[in-house]
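In this note's numbering, the protein residues as written are 4 to 164.
See the structure below:
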């Protein structure tokens with residue numbers, strides 16, 4: 004059966020493995036540079052930057068959800084941003100992804116968040132269809148904008164010399 008629980012420090016090797024599984028699915032394995040120490044500092048340190056739920060199917064790790072707060076000045080309240088929602092391929096079709104999403108949604112409600120947001124890759128039709136069936140709203144009027152580390156330094160006037 005399915006068990007979902009908040010990640011602990013002891014789950015770090017499992018979490019790293021699942022993160023690598025997501026990266027492989029997204030064809031971005033070469034982008035994973037996160038270390039055990041990064042996860043200890045950022046998920047379990049004195050000022051956690053994000054939280055994680057781990058899903059286990061019959062005692063075996065099978066997926067995870069990572070999320071964090073963001074704030075809306077319009078709403079005057081926080082919401083949760085779902086950074087990752089991933090289930091290993093061999094466990095898909097068992098309702099694990101939906102159960103993880105439900106667990107995060109329940110946390111958002113319990114914590115008086117005004118909503119939950121996330122992004123989906125435009126080529127990931129199975130995920131898009133899954134979210135559509137659940138009634139997700141797609142914010143097509145928005146574009147995702149990002150600075151990578153080099154652009155960040157350039158904009159901040161801290162170019163490498």
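Positions of the beta carbon are idealized from the N, C-alpha and C atoms, including for glycine. If you're wondering where the values come from, they're calculated on a predicted model, not measured in any experiment.
| Asked | Found |
| --- | --- |
| Would you identify the three-state DSSP class for residue 29, choosing helix, strand or coil? | coil |
| Jot down the residue ranges of each uninterrupted alpha helix (DSSP H) in the region 69 to 130, minimum 4 residues, whole runs only, in chain order. | 99 to 113 |
| Could you give the distance in angstroms between the alpha-carbon of residue 41 and the alpha-carbon of residue 136? | 35 Å |
| In the DSSP assignment, find the unbroken alpha helix (DSSP H) run with residue 46 in it and report its ends. | 39 to 47 |
| From 7, 22, 29, pick the residue whose C-alpha is nearest to that of residue 127; which is it? | 29 |
| Throw me the rounded Cβ distance for the residue 18 and residue 55 pair, which I believe falls under 8 Å. | 6 Å |
| May I ask which residues mark the beginning and end of the beta strand (DSSP E) holding residue 145? | No beta strand (DSSP E) holds residue 145; DSSP gives it neither H nor E. |
| Excluding the five sequence neighbours on either side, which residues of its own chain have a C-beta within less than 6 Å of the C-beta of residue 130, listed in chain order? | 123 |
| Please classify residue 24: does DSSP put it in a helix, a strand, or coil? | helix |
| Quick check on residue 154: does DSSP put it in helix, strand or coil? | helix |
| Let me know if residue 24 comes out buried or exposed under the rule of 16 or more other beta-carbons within 10 Å of its beta-carbon. | buried |
| Any idea if residue 155 is buried or exposed, counting beta-carbon neighbours within 10 angstroms, 16 or more meaning buried? | exposed |
| Could you give the DSSP three-state label for residue 16: helix, strand or coil? | helix |
| Which residue comes first and which comes last in the beta strand (DSSP E) that contains residue 7? | 5 to 9 |
| By a C-beta neighbour count over all protein chains shown, 10 Å radius and 16 as the cutoff for buried, is residue 14 buried or exposed? | buried |
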